[in-house]
Amino acid sequence: PTELSEVLYLGPDEQVQTDDIDWIIDRAGERGYATPPAFMSSKPRSGINHKEFGVTSEGVNVYLEVALKSMGIDPRAGPFSVKITGGPDGDVAGNLIKIMFRDYGDHVNIVGIADHSGCIEDPDGLDRQELMRLVTEGQSIDSFGVGVLGPKGSAYGVDDDAGIRMRNTMHNRLEADAFIPAGGRPSTINMSNWKNFLKDDGTPSSPLIVEGANLFITEGARRKFFENGIIIIKDSSANKCGVITSSYEICAAMLLDEDEFVQNKEKIVAEVLVKLRELARLEAELLFREMKHQPGPSHPETSQRISAAMNSAKDAIISALDTMPGAERDELLPFFRDHLPAHMTEIAGDRILDRVPPAYIKSAVSSCLASRLVYREGTRFITDIPAPALAATALNYVREEKRVAALSAALADSDVAEEERDAILELLRAGGVRTAIGLSK
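If you read the sequence shown in my numbering, its first letter stands for residue 21, the second for the next number, and so on.
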């Protein structure tokens, strides 16, 4: 590949089936695409199928946990309640049910679920075994066994107007610590009906919304929710792990042969899931730090500010890489290796320059470095640096980061008293690199 090579690829959306993906891959080969398996992600055999591995829901769940903790609720230590739109047979909702039970066990009470077939509600929590049966069998909510409903539970179908009305209003009526739209029509909550989410006393039926589904709530309604004290996590933040997974899969298709990937798939996927949770946690925790240190804008607006800071840093670094001396550019290649799952690097790390187009490597390195700066230092660190100096600052940051790490390691092995040593190490971790950058100017 040449410097001008581009990697174009597609990701799955709703209603895209495995047969569709296979056809697209075959068609890409017929049309002469250089690496047909790299043209489409979520492949059933040689890919990381989003529904099978629940990649989108992993990120939604991390945001849920971080947001709940910001409210004083530790979901791993005490009870909390959730209401969901989207059925147990769906990608995001079904996997989220499974993941919440995995991570929080009996602490999570799902008080209501609505999908195309109806809704089930119980303020005391829906039966976990029955929900898991529906998830495992790929059944919609109308297959829920009403015999396991509690005395306060109710089931509604869509065979009559009354049932449809109850299904369509479940997300407004039920009280829960969190509402997760993980399915449903775009603009379901909009400027004409957002007040229906509030109780008679003007407080929200849920103080937290984590948007697992795209576009369920309009931008105007989000603003109204924020003004009424609701924490709302924007869809493009909460569910971005699906996009990240597609990027990993496309890179795997370039570096590994199909049989090679299949033979190592279990280990690679496990490492990708770990990376997804780590990345989601970094961004979720940054979001709430930004809200604390730069109050005023809503959570969705702050998410957009984070994305803008990353994009501006990435664009500056990409531009600088075009004119950067080869030695300095090679200094950044480890970022690409670190970006990949460790097992993939172990198998094919020596193939990167031969199989991956330089433009792709450049974009990935720039993205990794930009996000690293923003996650560690915040958006103001980026916006305070003149655009022409961003790339040089990023390179300097990497060098000083290594130096601070070496100093920390030396201090950890020193004879300094434990209490003083730990205090100094904490100071180095918190601001050592930023201080070092200032001293090196």
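We put the beta carbon where it would ideally sit given N, CA and C, even for glycine. Note that this is a predicted model, so its numbers are computed, not measured.
- Counting only runs of 3+ residues, the beta strand (DSSP E) found wholly inside the segment 170-222 occupies 174-176, 198-201, in chain order.
- The continuous beta strand (DSSP E) containing residue 101 extends over residues 100-105.
- In terms of Cα proximity to residue 261, the closest of 230, 295, 243, 368 is 295.
- The three-state reading of DSSP puts residue 402 in helix, counting H, G and I together.
- According to the DSSP assignment, residue 289 belongs to the alpha helix (DSSP H) that extends over 278-313.
- Secondary structure note for residue 230: its beta strand (DSSP E) is the uninterrupted segment 228-230.
- A straight line joining the alpha-carbon of residue 147 with that of residue 137 spans about 18 Å.
- For residue 80 against residue 259, the beta-carbon gap comes to about 6 Å, under 8 Å, which counts as contact.
- If you check the CB distance, residue 134 and residue 228 do not come in under 7 Å.
- Measuring C-alpha to C-alpha distances from residue 71 to each of 282, 287, 144, 37 identifies 37 as the nearest.
- In the three-state DSSP reduction, residue 259 falls in the coil class, being neither helix nor strand.
- Proximity to residue 149 across 240, 167, 52 peaks at 167, based on C-alpha coordinates.
- By the neighbour-count definition (other C-beta atoms within 10 Å, threshold 16), residue 290 is an exposed residue.
- Between the alpha carbons of residue 346 and residue 243 lies a distance of about 47 Å.
- Taking the CA atoms as reference points, residue 222 sits about 60 Å from residue 371.
- Annotation: residue 270 to residue 45 spans about 12 Å, alpha carbon to alpha carbon.
- One Cα belongs to residue 239, the other to residue 321, and the distance between them is close to 10 Å.
- Taking a 10 Å sphere around the C-beta of residue 108, we find 16 or more other C-beta atoms and assign the residue as buried.
- For residue 135, the enclosing beta strand (DSSP E) stretches over residues 128-135.
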